[in-house]
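This report refers to the structure that appears directly beneath it.
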Amino acid sequence: MKVLPPTLRDPKRYLALELICEIRVSREDFLNEIFSNSAALIGDFGSSQAGIRLLDFNDNMGILRCKRGSGDLTRAILATITRVGGYPAIVNVLGIAGTVRSATEKYIEKRDSYNVPDDKHI
Numbered sequence: 043m044k045v046l047p048p049t050l051r052d053p054k055r056y057l058a059l060e061l062i063c064e065i066r067v068s069r070e071d072f073l074n075e076i077f078s079n080s081a082a083l084i085g086d087f088g089s090s091q092a093g094i095r096l097l098d099f100n101d102n103m104g105i106l107r108c109k110r111g112s113g114d115l116t117r118a119i120l121a122t123i124t125r126v127g128g129y130p131a132i133v134n135v136l137g138i139a140g141t142v143r144s145a146t147e148k149y150i151e152k153r154d155s156y157n158v159p160d161d162k163h164i
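Counted the way the numbering used here counts, the sequence shown spans residues 43 to 164.
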């Protein structure tokens, strides 16, 4: 089977997100919550139409992919997540971008640089 050229593929959007929780959450637990809330909110058909995929998730920060036009729906799904692994949790969407690289550079790396303590001022 041939791969579709980029002009015929569905355009995607990438959400940079942060999971605020008392513990470090595993990728599997977070993924289970996303898909269970997605099925509860929009059903199986709507979930497949949104095309939600968790691309990267480390240290409670990650990149989530969805189809263009379903960004607001994906944000609504993430807003319904209140518990992950039995612990209270909140998903904070840092921003949305058109490529994984720009989402990482604009939101994930910039956020990491703000949290680095400066030894000169201590």
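Don't be surprised by glycine CBs; every beta carbon is placed ideally from N, CA and C.
key: Those residues which DSSP pairs with residue 137 across a bridge   = According to DSSP, which records beta bridges pairwise, residue 137 is partnered with 58.
message = Helix, strand or coil, according to DSSP, for residue 102 in the structure here?
response = Shown here, residue 102 sits in coil according to DSSP, grouped into three states, outside any helix or strand.
query = How far does the alpha helix (DSSP H) with residue 80 in it reach, from first residue to last?
reply = In the DSSP assignment, residue 80 falls within the unbroken alpha helix (DSSP H) covering 69 to 92.
query = Less than 7 Å between the CB of residue 79 and some heavy atom of the ligand GDP, yes or no?
reply = The ligand GDP is not part of the structure shown, which contains no ligands of any sort.
request  = Identify every residue that forms a DSSP beta bridge with residue 118.
outcome  = Beta-bridge pairing links residue 118 to no other residue.
inquiry  = Per DSSP, what are the beta-bridge partners of residue 130 in this structure?
reply    = Residue pairing by DSSP puts residue 130 in a beta bridge opposite 125.
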